[in-house]
Amino acid sequence: MLPKPLMDVRMNVSGIISLLLRLVLAATVWWLISEGRNDSWVLGAPAVLLAVWLSHHLHPQPGRRLSLVGLLAFWWFFTRQSLLAGLDVARRTLSPELPIQPGAISVPLYLPSGAPRWLLAMTLSLLPGTLSVRFEKDRLLLHCLDMTQPVEHDVFVAQRQIAAVFGLPVADLLEQEQRHRRQET
20 MLPKPLMDVR
30 MNVSGIISLL
40 LRLVLAATVW
50 WLISEGRNDS
60 WVLGAPAVLL
70 AVWLSHHLHP
80 QPGRRLSLVG
90 LLAFWWFFTR
100 QSLLAGLDVA
110 RRTLSPELPI
120 QPGAISVPLY
130 LPSGAPRWLL
140 AMTLSLLPGT
150 LSVRFEKDRL
160 LLHCLDMTQP
170 VEHDVFVAQR
180 QIAAVFGLPV
190 ADLLEQEQRH
200 RRQET
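Each residue of the sequence shown is one higher than the last, beginning at 20 in the numbering used here.
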């Protein structure tokens, strides 16, 4: 067991790392939303700082740690999906046939309540073609641009990515998903 002063230092370092990770995440989200425009930081910097402060004070999550590797993998996933989905939405809306089949779908949630589910809902809303409507117990109601797409599978993939951000065991998600599929059949 570490002496009390050393434990306090370690807890302070952990808190600083948590704040820095929140800052990086909020700044990345702002950068993506603003399409990388430098002039947007006049509004973005205060918004990012406020978001970090609010997230720290309203939801400190002392027992949950973010994974830097998971965060980087999520950033790559989100960037890639945003680009691909954006191109798909542009193709659909510019096509004379307008090949869309909008609708709503309720998808199962395998992530624990709190920050992981909120990050999922925000992520899906920011990706072109989907919009999170509301939580329904252990489900999320989504509005989709095209119901013929494998939306439920895509949401599961996003949940796996978010589980990695929070250092949650992905095997548990897979087991829950398999249980859900068996119950549906």
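Idealized CB from N, CA, C, for every residue including glycine.
Pairwise C-beta distances place the stretch 151-160 out of contact with the stretch 109-118, as fewer than three of them are shorter than 8 Å.
Along the stretch 51-78, the alpha helix (DSSP H) occurs as fully enclosed runs of 4 or more residues at 60-77, listed in sequence order.
With a cutoff of 7 Å on beta-carbon distance, Leu-159 and Leu-128 are scored as near each other.
Using a C-beta cut-off of 8 Å, the stretch 69-78 makes no contact with the stretch 166-175, since fewer than three inter-stretch Cβ pairs fall below that distance.
The beta-bridge partner set that DSSP reports for Arg-84 is empty. Here Gly-148 is buried, its C-beta having at least 16 other C-beta atoms within 10 Å. Excluding sequence positions up to five before and after Ala-46, its CB lies within less than 6 Å of the CB of Val-67, all in the same chain and listed in chain order. The Cβ atoms of Ala-183 and Gly-63 lie no closer than 7 Å to each other.
In its chain, beyond the 5 residues on either side, Ser-151, Phe-154, Leu-159 have a beta carbon closer than 8 Å to the beta carbon of Ala-140. Straight-line measurement puts the Cα of Leu-187 at about 20 Å from the Cα of Leu-39.
For the pair Leu-42 and Leu-145, the Cα-to-Cα distance works out to about 19 Å. One thing to note: Ala-92 has its Cβ no nearer than 7 Å to the Cβ of Thr-142.
Separation of the CB atoms of Ile-119 and Glu-171 is rounded to 18 Å, and the pair is thereby denied contact status at 8 Å. For Glu-116, the three-state secondary structure derived from DSSP is coil. Taking 7 Å as the cut-off, the Cβ atoms of Glu-196 and Phe-175 count as close.
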